[in-house]
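Heads up, the final residue of the sequence shown is numbered 529 in the numbering used here, and it's a clean run with no missing numbers.
We treat Cβ as the ideally placed atom computed from N, Cα and C, and that holds for glycine.
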Amino acid sequence: MATPDRRLALLSVHDKAGIVDLARTLVECGFTLLSTGGTARTLLEARLSVTEVSEQTGFPEMLDGRVKTLHPKIHAALLARRDSPEHLAVLRELGIEPIELLVINLYPFETTATRPGATREEIIEMIDIGGPAMLRSAAKNHRDVTVVTESADYPRLVAALKERGATSPELRAELAVKAFARTAAYDAAIRRYLAGTAGGEIFPRFLELSFEKVSELRYGENPHQSAAFYREPGAPEGSLARAEQIHGKELSFNNLLDLDSAWRLVGEFAAPAAAVIKHNNPCGVAVAMSPAEAFALARDTDPQSAFGGVVALNRAVDAETTLEIGNLFLEAIIAPSFEDDALVTLKKKTHLRLLKIGPGAAALAGLDLRRVSGGLLAQTWDRQTTAPSSGRVVTRRTPTPPEFEDLDFAWKVAKHVKSNAIVYASGGRTLGIGAGQMSRVDSAKFGVQKSLTPLQGSVLASDAFFPFRDGIDAAAEAGVAAVVQPGGSIRDSEVIAAADEHGMAMVFTGERHFRH
Numbered sequence: 014m015a016t017p018d019r020r021l022a023l024l025s026v027h028d029k030a031g032i033v034d035l036a037r038t039l040v041e042c043g044f045t046l047l048s049t050g051g052t053a054r055t056l057l058e059a060r061l062s063v064t065e066v067s068e069q070t071g072f073p074e075m076l077d078g079r080v081k082t083l084h085p086k087i088h089a090a091l092l093a094r095r096d097s098p099e100h101l102a103v104l105r106e107l108g109i110e111p112i113e114l115l116v117i118n119l120y121p122f123e124t125t126a127t128r129p130g131a132t133r134e135e136i137i138e139m140i141d142i143g144g145p146a147m148l149r150s151a152a153k154n155h156r157d158v159t160v161v162t163e164s165a166d167y168p169r170l171v172a173a174l175k176e177r178g179a180t181s182p183e184l185r186a187e188l189a190v191k192a193f194a195r196t197a198a199y200d201a202a203i204r205r206y207l208a209g210t211a212g213g214e215i216f217p218r219f220l221e222l223s224f225e226k227v228s229e230l231r232y233g234e235n236p237h238q239s240a241a242f243y244r245e246p247g248a249p250e251g252s253l254a255r256a257e258q259i260h261g262k263e264l265s266f267n268n269l270l271d272l273d274s275a276w277r278l279v280g281e282f283a284a285p286a287a288a289v290i291k292h293n294n295p296c297g298v299a300v301a302m303s304p305a306e307a308f309a310l311a312r313d314t315d316p317q318s319a320f321g322g323v324v325a326l327n328r329a330v331d332a333e334t335t336l337e338i339g340n341l342f343l344e345a346i347i348a349p350s351f352e353d354d355a356l357v358t359l360k361k362k363t364h365l366r367l368l369k370i371g372p373g374a375a376a377l378a379g380l381d382l383r384r385v386s387g388g389l390l391a392q393t394w395d396r397q398t399t400a401p402s403s404g405r406v407v408t409r410r411t412p413t414p415p416e417f418e419d420l421d422f423a424w425k426v427a428k429h430v431k432s433n434a435i436v437y438a439s440g441g442r443t444l445g446i447g448a449g450q451m452s453r454v455d456s457a458k459f460g461v462q463k464s465l466t467p468l469q470g471s472v473l474a475s476d477a478f479f480p481f482r483d484g485i486d487a488a489a490e491a492g493v494a495a496v497v498q499p500g501g502s503i504r505d506s507e508v509i510a511a512a513d514e515h516g517m518a519m520v521f522t523g524e525r526h527f528r529h
């Protein structure tokens, strides 16, 4: 890479962390500093010599700072190929000096757009124009120009300059990729915001994905798979991506899947609730007067499967809850908070992961996305849960008030069980869960087999309709008193007749909750 008479570095950053130290190093390495606005003031206050961009271009900033670097003397200085005599001749003719290094971070559009109380005018003003334009120019010409978009890369830049006096082609190429990734993510965030405020279509013609890496994981679903965890820009409070790990070894791919399922499930309930999750399915769920009681009831649905599970509670974990946990081996616990005395006990379990998460139910932003071979499926989230009390009673007998309460509980749980899903419940706790069977009657029978408590007088929730009466017959034989299901089978009349024969109450919600 040819070296011009002056080595120019243009610094223009919104986040000024580390910029003064970097600038001092650049001066020591022989660079002349160009800068704009607030960055220039910061460097001048640090007693560094700086040339304002407006002085370099001979054109003042205008429109309240909206136009600062959108000038041929800047973009030609970034885009000119140093191995092209024609390019260099044009620069000399026009009095333009090449820029060797560009350090930029953009206006914080994403954080402003998600800040409570931010006005539309404030958000629009945070759409950076000159910054992305310079990033793209420098990144396109990365054979000759180094572009840095985040302060985390300052040490690598400094090390390269001190070691060899210039950056390597490999480092410049890597940083160029980061620059294009940053501008792509930035534009995607702007599009999402504008589409949301303009009442845009749910499923646009082009769907961009922009997520920021939180961490690399030890491995994926299996040890031979590589994996990483990414966060959506502006992820809301109450989402797993915003949870804070306060104890334990690093989270695994499967831990994160189970934690998400567990937290979303307990978010269905206003009362203290607990859920034990294994392989993305609930082993047990309960609501009670206290988190300790809720956990104990949830655990006791299936104590064997609870071993090695993940637990979520929608209340603070207290000392009483830790007593109930006892010596049970768990992978992780997620809750809004942990009381100090509970933490003292739980932190003795060195492998137990503890996560603190923002208040409220799990926040489901954007679309629910699934990859398929060569494509992507997108759908709205399954946020809807019609209360059985608002459903249609289709049998001669109407559920009693306590039965309606249990039906409501079981219906909310069934929504979070892999299909075909059958949930038996009574008294605000699950008694048996039949998950993931290929036929509904097998799920009904499996849930009975898993129950450690007699099912006499219990209720049943099914995530989809019963195609035949056999599932109702199996439930009746176990002692089930009331059923909630969507309805909609061509044999609904036979299923209703079976319920009437057994003296059961049945409610149709008209709402299916498949989970694949």
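Bridge partners - residue i, DSSP secondary structure assignment
{"i": "residue 159", "result": "114"}
{"i": "residue 186", "result": "The partner list for residue 186 (beta bridge, DSSP) is empty, contrary to what the question assumes."}
{"i": "residue 243", "result": "226"}
{"i": "residue 475", "result": "435"}
{"i": "residue 322", "result": "343"}
{"i": "residue 295", "result": "290"}
{"i": "residue 530", "result": "Examination of residue 530 is not possible in this model, given that the chain is present from 14 through 529 alone."}
Outcome for residue i when other beta-carbon atoms lying within 10 angstroms are tallied against a minimum of 16
{"i": "residue 520", "result": "buried"}
{"i": "residue 88", "result": "buried"}
{"i": "residue 339", "result": "exposed"}
{"i": "residue 99", "result": "exposed"}
{"i": "residue 527", "result": "exposed"}
{"i": "residue 26", "result": "buried"}
{"i": "residue 461", "result": "buried"}
{"i": "residue 308", "result": "buried"}
{"i": "residue 208", "result": "exposed"}
{"i": "residue 453", "result": "buried"}
Contact test: residue i Cβ vs the ligand SAH heavy atom, cutoff 7 Å
{"i": "residue 295", "result": "Among the ligands in the structure shown, none appear at all, so the ligand SAH cannot be discussed."}
Own chain, CB closer than 6 Å to residue i, minus 5 neighbours either side, in chain order
{"i": "residue 405", "result": "521"}
{"i": "residue 35", "result": "167"}
{"i": "residue 471", "result": "437, 439, 444 and 493"}
{"i": "residue 325", "result": "275, 276, 279, 288 and 347"}
{"i": "residue 400", "result": "421"}
{"i": "residue 482", "result": "507, 508 and 511"}
Proximal residues to residue i (C-beta, below 8 Å), its chain only, five neighbours per side dropped
{"i": "residue 125", "result": "131, 135, 136 and 139"}
{"i": "residue 419", "result": "438, 439, 440, 441, 471, 472 and 495"}
{"i": "residue 523", "result": "399, 404, 405, 499, 500 and 501"}
Distance CB(residue i)-CB(residue j) smaller than 8 Å
{"i": "residue 224", "j": "residue 245", "result": "yes"}
{"i": "residue 312", "j": "residue 319", "result": "yes"}
{"i": "residue 299", "j": "residue 286", "result": "yes"}
{"i": "residue 345", "j": "residue 330", "result": "no"}
{"i": "residue 262", "j": "residue 155", "result": "no"}
{"i": "residue 369", "j": "residue 351", "result": "yes"}
{"i": "residue 61", "j": "residue 47", "result": "no"}
{"i": "residue 240", "j": "residue 248", "result": "no"}
{"i": "residue 290", "j": "residue 367", "result": "no"}
{"i": "residue 215", "j": "residue 122", "result": "no"}
{"i": "residue 188", "j": "residue 160", "result": "yes"}
Other residues of its chain near residue i: CB distance less than 7 Å, five sequence neighbours each side excluded
{"i": "residue 392", "result": "380 and 381"}
{"i": "residue 164", "result": "28, 30 and 31"}
{"i": "residue 110", "result": "17, 19, 21 and 90"}
{"i": "residue 408", "result": "509, 512, 513, 517, 518 and 519"}
{"i": "residue 201", "result": "221 and 223"}
{"i": "residue 14", "result": "Here the model assigns residue 14 a pLDDT of 39, short of 50, so the residue's position is not dependable, and the following value carries that caveat. Taken in chain order, the residues that qualify are 95, 157 and 179."}
{"i": "residue 464", "result": "437, 444 and 445"}
Checklist entry - For the stretch 404-418 against the stretch 502-519, are there 3 or more C-beta pairs whose distance is under 8 Å? => result yes
Checklist entry - Would you call the stretch 146-162 and the stretch 266-273 in contact, with 3 or more CB pairs under 8 Å? => result no
Item to check | the stretch 422-432 in contact with the stretch 474-490 per 3-pair CB rule at 8 Å | outcome: yes
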